[in-house]
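For reference, the structure discussed in these notes is given below.
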Amino acid sequence: MPIVAVDPRRPEPAVIDRAASRIRAGELVAFPTETVYGLGAAALDPKAVARIYAAKGRPGY
35 MPIVAVDPRR PEPAVIDRAA SRIRAGELVA FPTETVYGLG AAALDPKAVA RIYAAKGRPG
95 Y
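For reference, each letter of the sequence shown is one residue, going 35 to 95 in the numbering used here.
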């Protein structure tokens, strides 16, 4: 999984497009929050949501 840095003051549209493309493809995207890293996916894609549960080691949803 590639790591792509995003400058919050000057986010590059191409980098955001790349992440959005991965989400549309059903993949997961990790992003930092104030305290931990979060996992993001297409909320309306059941397979993508299941991937989040699997990545976190949680029982199926």
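Cβ atoms here follow ideal geometry from the backbone N, Cα and C, with glycine treated the same way.
When DSSP reads this structure, LEU73 sits in a beta bridge with ALA64. Between GLY72 and LEU62, the gap from beta carbon to beta carbon reaches 8 Å or more.
Nearest neighbour of ALA64 by Cα position, chosen from PRO93, GLY94 and ILE37, turns out to be ILE37. Closest option to ALA77, judged by alpha-carbon separation, among TYR87, GLU68, VAL70 and THR69: TYR87. Between GLY60 and LYS90, the gap from beta carbon to beta carbon reaches 8 Å or more.
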